[in-house]
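Enquirer: My questions all concern the structure below.
Numbering (UniProt numbering), first residue to last: 1 to 64.
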């Protein structure tokens, strides 16, 4: 096994672990949001999406 392949393989494994960690973090954050608002998951996603959209537009100077 060449050193370059080993480095790429290790980097890929690190990225896979980070991706899994981030997915897990998102899952638990969504669970916490769901418990906080006690609404259906569809409403929570809509609320989070709307909040993110409003945040993005206000940062870009496009006030609604």
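Glycine residues also receive a C-beta, built at the ideal position from the N, C-alpha and C atoms.
Straight-line CA distance for residue 15 to residue 27?
Expert: For the purposes of this step, residue 15 is taken as residue 15 along the chain shown, with counting starting at 1. For the purposes of this step, residue 27 is taken as residue 27 along the chain shown, with counting starting at 1. So the alpha carbons of these two residues sit roughly 18 Å apart.
Enquirer: Hey, how far is the Cα of residue 11 from the Cα of residue 51?
Expert: Within the chain shown, the letter at position 11 stands for residue 11. Within the chain shown, the letter at position 51 stands for residue 51. Their backbone Cα atoms lie some 34 Å apart in a straight line.
Enquirer: In terms of residues, what are the limits of the alpha helix (DSSP H) holding residue 31?
Expert: Position 31 of the chain shown, counted from the first residue, corresponds to residue 31. Per DSSP, residue 31 belongs to the alpha helix (DSSP H) from 3 to 37.
Enquirer: Taking the straight line between their C-alpha atoms, what separation do you get for residue 38 and residue 55?
Expert: Start at 1 with the first residue of the chain shown, and residue 38 comes out as number 38. Start at 1 with the first residue of the chain shown, and residue 55 comes out as number 55. When rounded, the distance between both Cα atoms is 23 Å.
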